[in-house]
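Notes to accompany the following structure.
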Amino acid sequence: MASSNPSSFWRAGSKEEPRPAGCAPGTAPALSVLFLDPQRSIKLSKTLPPQPDYFVDLNIDQAVDTIIAIRQEYNLAGVFREPLRVKDDVEYRHEVFRDLEEQPLQQALIAFAVEMRKMRNYLAQVEKLNYPYQSKRWYIEAILVYCDAVIALAQVLTGSAVKSRAMGGLLREYLSAYVASAQFKTLNNEVRSLLSELDSITYSVRINGDTLTVRHYGDEADYSAVIEATFEKFRQGQVHDHRVKISEYPEMNHIEAKVLDFVALLNPDSFQRLDDLHARSKNYLDATIAEFDREIQFYLAYIEYMAGFAKIDRHFCYPCVSESDKHILARNCFDIALGKKLLLVGKSVVCNDIELKNGERMIVVSGANQGGKTTFSRMFGQMFYLASMGCPVPGTEASLLLSNEIFTHFERQEDINNLRGKLKDDLVRIHHILKSATPRSVLVMNEIFTSTSLTDGLFLSEKVMKEAIKLDVLGIWVTFIDELASYGDSVVSMISTVDPSQTLRTFKIIRASATGRSYAMALAHKYALTPESIKERVQS
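Per numbering that gives the first Met the number 0, the very first residue in the sequence shown carries number 0; after that it's consecutive.
Spelled out as structure tokens, the structure:
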């Protein structure tokens, strides 16, 4: 039996899950596309920060889980738990997002990620193979995939008008120099030369009973071609193919491995080159490029997440952020977690506006139950969180404070383990918040002190409001206590609205005085039970 193609020994196409992306342990990237200081990225890759307390209350955990669901290998959860506190850090990410609005560049980065994943797939397979020569060949193939991916990315970046400091730095100061370096050129050339040499090796296998002989290929006849030619005259057009397809797997059996050993004995120089290159290229993966491959997925994942909302005419914008200005404005914003859920069932999320100006600090939301008040408060918190991540925020226009912390106080079920009643638990939690908050903090409160009487609830709420205003925090407070809406000039009253004609909740939250009667009045109008309607009927 003759063979002129040894590809069966170098089977590709492993379906194993790839190894985690990012730089190898003990290495450090020279730059980061997520942080101005690369050390922050290194720290996050090593240690996963705890999930912030406000994630669950604001449903941010749901949004983040959706964003990174198909990108687990990139370990992005830590990035979403590390908000930015400096305006320049936020703008650094905005610049990258703007660069990626160019579809050719975005597609090139996706293609780069596909190739890097393929490389990691190969490396994962290397660790599972038992036969040295096969394992080493897979390793060299992984290097070839890496070299091709880096060269292709460098070519695309060279032709792209990238303007961000991050992408520009990768292009001008690093990637172009790396591809042009003697070290990379030598690696690339040696890999290609070796693989070409290995692919050119031919050999023949003679099987006689249970004896197998491997020798140099000496132009023996290809019996497959001879048999095909002999039976060609019996061909009567296209017929059903009854051949059984035998699946190929990356692993070799012991017979294939022994044949490969014999081929290596027949070609000692080529396989010595394989041994040498394998030994010399253990650290071929550049730390900066490997980390770039991981970090750029933060942007691609969020862009993919935003793209779904474009189908229902919901937009995102780049917020103007400030470390001190508390004039807050957001137009046509929405709850991204709820929006994604509605999107999946073919529905659209309602948009609302936010504005705090002229010393206003606290929004008090009241109105009909199930009218969108809690969703509005979550949206408020999400806007500040996304701004601190350097991400576009939902809406058509936004100016937001770059907060140093977000605090939430949502109703919780009573915890029997802490031996505290619900009211005391509320008081302990709000005390901790007020003790920790600063003028740059954002406070989101939803229906607190519901376990006590209206009188006591009002008394406690006024105490909390007084402290919050004294701290000068920005906040939103969903409450059934209408009196809070008129606490002072720094408080803004907003109410959930009802469509009077249909007595349906619109989920629109607008600036208006708290009356506590919006839904009741809508019902009265619908059924002609207003004082005016009743008087008319009596008179008639």
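Where is the CB? At the ideal position from N, CA and C, for every residue including glycine. Here the structure is a predicted model, which is why all the values come from computation and not from measurement.
Here Ala181 carries a helix assignment [DSSP, helix/strand/coil].
Counting along the chain, Ile362 sits inside the beta strand (DSSP E) bounded by residues 361-366.
Per the coordinates, the alpha-carbon of Pro37 lies some 34 Å from the alpha-carbon of Asp275. By the neighbour-count criterion, in which 16 or more other beta carbons inside 10 Å mark a residue as buried, Ser402 falls on the buried side. Val349 sits in coil when the DSSP states are folded into three classes, being neither helix nor strand. Around the beta carbon of Ser199, a 10 Å sphere encloses fewer than 16 other beta carbons of the protein chains shown; the residue is thus reported as exposed. Counted as a single uninterrupted DSSP element, the stretch harbouring Asn120 is not any beta strand (DSSP E) but the alpha helix (DSSP H) occupying residues 102-125. Gly474 carries a strand assignment under DSSP once its states are collapsed to helix, strand and coil. Per DSSP, Cys22 lies in no alpha helix (DSSP H) segment and is marked neither H nor E. A straight line joining the alpha-carbon of Ala62 with that of Val55 spans about 10 Å. For Val95, the closest alpha carbon among the candidates Ser159, Lys135, Ala397, Lys310 is that of Ser159.
Burial check for Arg205: the Cβ neighbour count within 10 Å stays below 16, so the residue is exposed. The criterion of a C-beta distance shorter than 8 Å is satisfied by Arg18 and Arg119.
Following the DSSP letters along the chain, one finds Tyr202 in no alpha helix (DSSP H) but inside the beta strand (DSSP E) bounded by residues 202-207.
Rounded to whole angstroms, Ala397 and Pro24 show a C-alpha spacing of 40 Å. Going by DSSP, Val537 is part of the alpha helix (DSSP H) stretching over 530-538.
Secondary structure note for Leu442: its beta strand (DSSP E) is the uninterrupted segment 440-445. In this structure, Arg504 places its C-beta atom within 8 Å of the C-beta atom of Gln369.
Residue pairing from DSSP places Phe406 in a beta bridge opposite Leu442. Annotated as proximal: Tyr130 and Ala256, with beta-carbon spacing under 8 Å. In this structure, the CA atom of Pro82 is about 7 Å from the CA atom of Tyr384. Glu359 is not a Cβ neighbour of Val472, given a cutoff of 8 Å.
Taking the Cα positions, Val149 is about 10 Å away from Ala112. In the structure shown, Ile509 adopts extended strand secondary structure according to DSSP, grouped into three states. When the alpha-carbon of Leu343 is set against those of Arg428, Ser489, Tyr304, the nearest one is in Tyr304. Lys232 and Ile226 have their alpha carbons spaced roughly 11 Å apart.
Secondary structure in the region 66-90: the alpha helix (DSSP H) runs of 4 residues or longer, each lying completely within the stretch, are 76-79 in chain order.
In this structure, the CA atom of Ala110 is about 55 Å from the CA atom of Leu422.
One Cα belongs to Leu433, the other to Gly167, and the distance between them is close to 43 Å. Under the three-pair Cβ rule at 8 Å, the region 442-451 counts as touching the region 467-485. In this structure, Tyr73 lies away from Arg279, with their beta-carbon atoms at least 8 Å apart. Boundaries for Ser134: no beta strand (DSSP E) harbours it, while the alpha helix (DSSP H) harbouring it runs 131-157, taken from the DSSP string. Cβ-Cβ separation between Ser495 and Ala367: approximately 5 Å, consistent with a contact (criterion under 8 Å).
Counting the other CB atoms within 10 Å of its CB gives Gln133 a total of 16 or more, which places it among the buried residues. Shown here for Asn187: same chain residues with a beta carbon closer than 8 Å to its own, the five before and five after excluded, namely Cys146, Ile150 in chain order.
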